[in-house]
Structure formats: C-alpha cells, structure tokens
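Below you'll find the structure, written out as structure tokens, and then a few comments.
Protein chains: 2
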Amino acid sequence: MPPSSTVENYLKEVYLGVGRLPAGATLLPMGQLASALGVAPGTATTMVKALAESGLVDYEPYNGVRLTAAGTRLAATVLRRHRLVELFLVQVMGMRWDEVHDDAEHLEHVVSDRLIDRIDEMLGHPETDPHGDPIPGKEGTIRERHFETLLTCPVGTRVVVARVSDQDPVFLRFVERHGLKPGQVVSVEARDEVADAVQLRGADDATFTLGARAASKLLVDVTPEAAAAATPSSARDAAPRR
Amino acid sequence: MPPSSTVENYLKEVYLGVGRLPAGATLLPMGQLASALGVAPGTATTMVKALAESGLVDYEPYNGVRLTAAGTRLAATVLRRHRLVELFLVQVMGMRWDEVHDDAEHLEHVVSDRLIDRIDEMLGHPETDPHGDPIPGKEGTIRERHFETLLTCPVGTRVVVARVSDQDPVFLRFVERHGLKPGQVVSVEARDEVADAVQLRGADDATFTLGARAASKLLVDVTPEAAAAATPSSARDAAPRR
DNA sequence: ACAGTGATTTTGACTACTCAAAAATACAAG
DNA sequence: CTTGTATTTTTGAGTAGTCAAAATCACTGT
Chain B
313 MPPSSTVENY
323 LKEVYLGVGR
333 LPAGATLLPM
343 GQLASALGVA
353 PGTATTMVKA
363 LAESGLVDYE
373 PYNGVRLTAA
383 GTRLAATVLR
393 RHRLVELFLV
403 QVMGMRWDEV
413 HDDAEHLEHV
423 VSDRLIDRID
433 EMLGHPETDP
443 HGDPIPGKEG
453 TIRERHFETL
463 LTCPVGTRVV
473 VARVSDQDPV
483 FLRFVERHGL
493 KPGQVVSVEA
503 RDEVADAVQL
513 RGADDATFTL
523 GARAASKLLV
533 DVTPEAAAAA
543 TPSSARDAAP
553 RR
Chain H
313 MPPSSTVENY
323 LKEVYLGVGR
333 LPAGATLLPM
343 GQLASALGVA
353 PGTATTMVKA
363 LAESGLVDYE
373 PYNGVRLTAA
383 GTRLAATVLR
393 RHRLVELFLV
403 QVMGMRWDEV
413 HDDAEHLEHV
423 VSDRLIDRID
433 EMLGHPETDP
443 HGDPIPGKEG
453 TIRERHFETL
463 LTCPVGTRVV
473 VARVSDQDPV
483 FLRFVERHGL
493 KPGQVVSVEA
503 RDEVADAVQL
513 RGADDATFTL
523 GARAASKLLV
533 DVTPEAAAAA
543 TPSSARDAAP
553 RR
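Line by line, the protein sequences give chains B and H. Once you know that position 19 of the first sequence is 331 in my numbering, the rest is easy, because the numbers rise by one and skip nothing. Once you know that position 21 of the second sequence is 333 in my numbering, the rest is easy, because the numbers rise by one and skip nothing.
Laid out in structure tokens, this is it:
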C-alpha cells in the first residue's frame, strides 16, 4: 500500500509550510495547510488526524501539525521527485523554468524509483532545481542552507541569487527579465523601510526597484565566496549551481 | 472536468479489447473488460453504464461495450501518450523495452499536452512505439495496419516482425534473445498444426521453435517491400520503423 | 421444451476524499 | 472576567470507485 497522491501532497505541504514558519515556530497551523492544499479547513483536520494515526505527522489539536521522522522521509522523496523532474524538464526537455511546475506537480506522484534514478544520473546528481530549491538525497536527506533575502541582506553589497521561492509563472518571468535567476549577481543599492521597497542594480548595470513582498521571495547568498564564484561579468542566463 | 485516470483506463481497455475480438465481433464482453482492468465484473458493469451515460461508449446489456466516436478519440489520446512515453523512455532515457510499460501506464494519465508534444517532436513524430504499436495522431486518428502473425503467415517466406502484442517483460526478453524485435527478419520454416508449434530461422541462421500461443503474439509484415527494406544482414538490434 | 452452466447485473456495503455549515475553542481587548 | 473574533473541529452529507455475494439472464445440450 504505497501512499496515495493525496497523502504525498499533505506531507509535502506540511514540510514546505513548516519551512515558511516564523523563526522558532515548528507547528504549522491547520488553516495554512488547508489553504496551501486548496481544501476546506475541516478536510485538512480530518486528513491530518488520519496521518497522525499512521505515524507520519504529530498533530496537536488547535495548535497545528509537524512531520515525524517517517513523514519527513516521505516528504523528502516527494520533493526529490518534484525537483528532479522540474530540472529534467528544463535541462533535457527544453521547457522554460516558469512552465514546469504544473507538470512536476503531477509527475512527482507517478515516476518510479528506476526512472527518477535515471533522471538523477542523467543530470549528474544535481543539488538544486531551476528555482534554487535543494534536491533531497536518495535516502530522504535534505540539506537546507539558510539564506538572507533581498529584504534582509546588508545594503551596498553584491549578492548572488540562490533561490526564488514562488512558482507563479508571471513572477518567474519577471525575475528572469531582471536577471535575478539563481546564480546571477545583483547589488543592493538602498532599502527604504517606509516605502517598503528595495533599490537594486543588476548585472547589466540598470537599476530597478522591488517591493518588500517580491524582495522577500528572492533568497540570496551574501558570502564573498559566492560572489567570487558567480558568473563574473555578463551573467544573463545563469544556471543553478552544482 | 477532465476524465479521471479510471475513465481513461476503461476507454483504453475497451479499445484494446475490441481490437482483440475475433473477426466480425465489435462488442467487448464485460467479463473480458473486467479482467483486463483487474476489477470485479460488477464494477465494470457499473462503470460502463456511467460511461454510456456520458456518451463515451455504447453499452448493450448482456452483450458488451464498444466505443463511440467521442470515446475512440479519448482512447486514442491516452494510447498516444502511453506509446510516446514508452518510446521516449527507451530512446531518450535509455531504458530497456521490457521495463517501460509500467511507468508508461502511470505517466499516460498525467503528462500535459505541452510535454507530450515536446516528446513527439523530440522523437521526430514517430509512427510506432518500441513494440511496434502504432502511435495515434495528435487529433485522435489511429491508423491500424493489418498484419499476419507467425501462426497465420505463409510458410517458407522471410517476414519482418512488425509488432509484439504482449507486454510481459519475460516474454519481451525472450523475443529479444531470439532476434524477434520489430524490424527484425525471420523465416518461417515449418508449421505443425498437431504439435501446435512453428519452426523458425532467425537472422543468425539458428532455428528454434515457438508454441502457437507465443507465435500468435508476433505480428509480421509479409509484403516483399518490407523484407527488402528491412535491415539486410546482421540485424541484431533493430529499432521500430519510422 | 427445459434444466444446467456460465456470464452478467443488481444489491448492499465499504474506503478515501471532499464540502458546507454548525459547534467548540483559543485568545486578545476591554 | 467577559465578550468578540478568528481559527479549528465536528457533523452530516456527497462523489468516485471498489468488492462480495445474490439474483438474473442467455445459451447449450438433450
């Protein structure tokens, strides 16, 4: 009895949701889970109780959910399939990075271990997908690095985009137009708390402004090594780092 | 409301089942449908009534099912996805032809039109899959050629294997070992009605015997053009014809 | 013409997942 | 404390698909 697509989606969304929680918190509120999954709140409650019964999540009524070790392992394999598929669709099938999410969303539940291993091998055991999200290892190990965002990183430094945490095609195309794909370099010129905006200078030396919401979706690497390693001059079509 | 995987499977199986019917018959008995799908007979009845309600099949109680025009179109797109995926897994992913069926069985329900078109293009709009089964066109057109089998073709002629109608990996590997993949040439030396067997000579000049059941699964092209076009001498790893 | 056999349909029930709406709970603010 | 609000849980119900077993039908052979 392999886990159903539904179960896989719940676990994946709990994992992702917990990751988005404010520092310190570890329990994902049911409401957030329900809306991430696009189901009614009551539905999530029912399902989560069942998942808790199977030992995949810890559930504290009125407080929220969190994955158990077993649940984390399963969520990781789903994420691994999803992200390998996304990268495969971009690198091998030549699809654009903004159009692969929906396909991956479906394929993640049906690709066999054999096929996913072939894909992994064909891509050279990549570490991140086209959005910079880390690809979990074969045995369910996830190495999440901590990144600043364009909203929190020091002003005046050159940083390397590491990860774009939004799958909306419109946003992704915007990011691409401004040279903000993972691996690309950008300078933070100024930040205006009141205006809720960040002033940036791209690799092409043009400056532009991002609102706080958008800026917070761009995770960046502020270490000097990253800046040094990054495509130095005209970095227009940066690929995710290996 | 796109058709569910279940509906797609029923339609696909009705199409394939009707194709296996003895000459003249056009209605697939419920029992055959049920066992092809691995469900209880009553389940098939219930489902088929619903499909009839949606105008996808014609259902004659106690006689059987047949696809309507709409049902045929849908079955064709499922078959198209299945067969393109199978060929893709062999040609691009380097999987063996005997191990792609199960993956294709799942993938056929989730690959998007965009992705399947990319696959089709990448493969150069192929006409047949690795087993020689025809790949329906984008608009649901299926051009089924009629073939003899090793059980019905004239004795003493060189024929070209066109299609292998069994997905069992064990059988497929057997077929491969004896040089009977689609595109490969074989000579029918003799046929013994009583012993229920066929004597064959492969491209490597070795002779071997096939039982009637196995022989009837190998569809062959008996036209002289086919024999002429086929890989002339050492045809060991024949690919399906384009 | 009719009993027997095998295929088919019907029936009743079950699982997995879902929703809407009512009830319960937590919590912040007075 | 107590009240108001937002969140969560409970309840009752519905859909899609499934099964086992009983009832029904079709057809063969006598």
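Note that beta-carbon positions come from the ideal geometry of N, C-alpha and C, so glycine has one too.
Check: Within 10 angstroms of its Cβ, does H/Met313 collect 16 or more other Cβ (buried), or is it exposed?
Finding: exposed
Note to self: According to DSSP, is H/Gln479 part of a helix, a strand, or is it coil?
What the structure shows: coil
Next item on the list: Determine the burial state of H/Ala550: buried for a count of at least 16 other Cβ atoms within 10 Å of its Cβ, exposed for fewer.
Entry: Note that H/Ala550 scores 48 on pLDDT, short of 50, meaning its location in the model is unreliable; the coordinates nonetheless yield the value given after this. Per the 10 Å Cβ criterion, buried.
Notebook entry, point to check: Which whole-angstrom value describes the C-beta separation of B/Asp410 and B/Pro481, a residue pair presumed to lie in contact below a C-beta threshold of 8 Å?
Noted result: 4 Å
Next item on the list: Using beta-carbon positions only, say whether H/Leu427 and H/Tyr327 come within less than 9 Å of one another.
Entry: Cβ distance not < 9 Å, so H/Leu427 and H/Tyr327 don't count as in contact.
Item checked: Contact residues within the segment 466–491 of chain B, judged by C-beta distance below 7 Å to chain H -> Flagged: no residues at all.
Next item on the list: Assign H/Lys324 to buried or exposed, taking buried as 16 or more other Cβ atoms, counted over all protein chains shown, within 10 Å of its Cβ.
Entry: buried
Margin query: If we require 4 or more residues per run, which alpha helix (DSSP H) segments fall completely within the segment 403–441 of chain H?
Written below: For the segment 403–441 of chain H, whole alpha helix (DSSP H) runs of length 4 or above, ordered along the chain, are 413–419 and 425–434.
Checklist line | Local Cβ density within 10 Å of B/Arg554, reported as buried at 16 or more and exposed below that | finding: Its pLDDT being 41, under 50, B/Arg554 is placed unreliably in this model, and the coordinates cannot settle the point.
Next item on the list: Report yes if the C-beta distance between H/Leu530 and H/Leu492 is below 9 Å; otherwise report no.
Entry: yes
Next item on the list: For H/Arg426, decide whether its Cβ has a neighbour in chain B, counting only Cβ atoms nearer than 9 Å.
Entry: yes
Notebook entry, point to check: Residues of chain H with CB under 9 Å from B/Arg408, in chain order?
Noted result: What B/Arg408 touches in chain H: nothing, since even the nearest Cβ is about 10 Å away.
Item checked: For B/Tyr322, the first and last residue of its enclosing alpha helix (DSSP H) -> Ser317 to Gly331
Item checked: Between the CA atoms of B/Asp517 and B/Ala547 - distance to the nearest angstrom -> Low confidence applies to B/Ala547: its pLDDT is 42, below 50, so where it sits in the model is not reliable, and the reading given next is rough at best. Approximately 12 Å between the Cα atoms of the pair.
Checklist line | First and last residue of the uninterrupted alpha helix (DSSP H) at H/Arg525 | finding: Note, H/Arg525: alpha helix (DSSP H), Ala524 to Ala527.
Next item on the list: Just grab the DSSP bridge partners of B/Val351 for me.
Entry: DSSP lists no partner for B/Val351.
Notebook entry, point to check: Span of the beta strand (DSSP E) holding B/Gly376?
Noted result: Gly376 to Leu379
Next item on the list: Could you tell me which chain B residues have their CB closer than 8 Å to the CB of H/Arg525, listed as they occur along the chain?
Entry: The premise fails here: H/Arg525 is roughly 29 Å from chain B at the closest Cβ pair, so nothing lies under 8 Å.
Margin query: For a cutoff of 9 Å on Cβ pairs, would you count B/Asp504 as touching chain H?
Written below: no
Notebook entry, point to check: Got a sec? Which residues, its chain only, sit under 7 Å from H/Ser545 by beta carbon, not counting five neighbours each side?
Noted result: For H/Ser545, the pLDDT reaches just 45, beneath the cut-off of 50, and the residue's location in the model is therefore unreliable, although a value from the coordinates is still provided. Its chain contains no residue whose beta carbon lies nearer than 7 Å to that of H/Ser545 once the 5 sequence neighbours on both sides are disregarded.
Check: So H/Phe459 packs on H/His490, CB below 8 Å; how close in whole Å?
Finding: Actually they are not in contact, since the Cβ atoms of H/Phe459 and H/His490 sit about 18 Å apart, beyond 8 Å.
Margin query: Counting C-beta neighbours from all protein chains within 10 Å, is the total for H/His421 16 or more, i.e. buried, or is it exposed?
Written below: Residue burial annotation: H/His421 is buried, with at least 16 other C-beta atoms found within 10 angstroms of its C-beta.
Check: Which two residues bound the contiguous beta strand (DSSP E) that contains H/Arg455?
Finding: Unbroken run through H/Arg455: none, as it is neither H nor E.
Checklist line | Inter-residue spacing [alpha-carbon to alpha-carbon] between H/Gly449 and H/Ala388 | finding: 8 Å
Notebook entry, point to check: Does H/Asp414 have its Cβ less than 9 Å from a Cβ in chain B?
Noted result: yes
Margin query: Whether or not the segment 434–441 of chain H and the segment 391–408 of chain H are in contact is what I'm after, with contact meaning three or more pairs of Cβ atoms, one per stretch, closer than 8 Å; do they touch?
Written below: yes
Margin query: Using only CA atoms, which one of B/Gly336, B/Asp533 and B/Ala541 lies nearest to B/Val476?
Written below: B/Asp533
Check: Which same chain residues, not among the five before or five after H/Ala474, have their C-beta less than 7 Å away from its C-beta?
Finding: Gly444, Phe459, Pro494, Leu531, Val532 and Asp533, listed in sequence order.
Next item on the list: Measure from the C-beta of H/Arg430 to each C-beta in chain B and report whether the shortest distance is under 9 Å.
Entry: yes
Note to self: Do H/Gly514 and H/Val498 count as a contact pair if the criterion is CB distance below 9 Å?
What the structure shows: yes
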